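Written below as structure tokens is the structure these notes are about.
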């Protein structure tokens, strides 16, 4: 079973975490099931960027992103080449992942943009 190493995040996971993840599940669902309350304003429908993560290790093992995800990622705060929407990034069969949750996110609904 692959593991997801979550790097420390001041609010969501101050000490970081190592979680067992089920292959075929999204990174977002995996984090939520282990008590890491990553924001997901669109209810995981690939319509916002609040669940943006940076996959520091294991990025190449993820299935490629679709065009709609790429379009949204262009609007994400702190975009990096290894950025993904965690609701769309699926845990691979055998590859462990190291994930960073950016300190900030852009929630257009909440922030009245």
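Numbering (my numbering), first residue to last: 32 to 144.
Every residue, glycine too, gets a C-beta built ideally from N, C-alpha and C.
Keep in mind it's a predicted model, so treat the numbers as computed, not measured.
What residue from 137, 96, 125 and 134 has the CA that sits closest to residue 118's CA? Along the chain shown, one-based indexing puts residue 118 at 87. Residue 96 is the option with its Cα nearest to residue 118.
Mind pulling the alpha helix (DSSP H) runs of 4 or more residues that sit fully within the stretch 40-117? Listed in chain order, the alpha helix (DSSP H) runs fully inside the stretch 40-117 are 58-64 and 98-104, counting runs of at least 4 residues.
Once you ignore the five residues that flank residue 131 on each side, which residues in its own chain have a CB closer than 6 Å to its CB? To locate residue 131, count along the chain shown from 1; it is residue 100. Beyond the five residues adjoining it in sequence on each side, residue 131 comes within less than 6 Å, by CB distance, of 38, 85 and 87 in the same chain, given in chain order.
Here's the rule: buried if 16 or more other CB atoms are within 10 angstroms of the residue's CB, otherwise exposed. What is residue 115? Position 84 of the chain shown, counted from the start, is the residue given in the question as residue 115. Residue 115 comes out buried.
Quick one: what does DSSP say residue 128 is sitting in, helix, strand or coil? Position 97 of the chain shown, counted from the first residue, corresponds to residue 128. Residue state, collapsed to three classes: strand.
Helix, strand or coil for residue 119? Go by DSSP, reduced to three states. Residue mapping note: residue 119 aligns to position 88 of the chain shown, counting from 1. It is coil, neither helix nor strand.
Pick from 89, 124 and 78: whose alpha carbon is nearest that of residue 36? Residue numbering aside, residue 36 sits at position 5 when the chain shown is read from its first letter. Out of 89, 124 and 78, 89 has the C-alpha closest to the C-alpha of residue 36.
On the criterion of 16 or more Cβ atoms from any shown chain inside 10 Å, does residue 144 qualify as buried, or is it exposed? To locate residue 144, count along the chain shown from 1; it is residue 113. Reliability of the predicted coordinates at residue 144 is poor, the pLDDT of 42 falling under 50, and the value obtained from them is presented with this limitation in mind. So residue 144 counts as exposed.
Can you determine whether any heavy atom of the ligand ADP sits closer than 7 Å to the C-beta of residue 135, and answer yes or no? Among the components modelled here there is no ligand, and therefore nothing to report on the ligand ADP.
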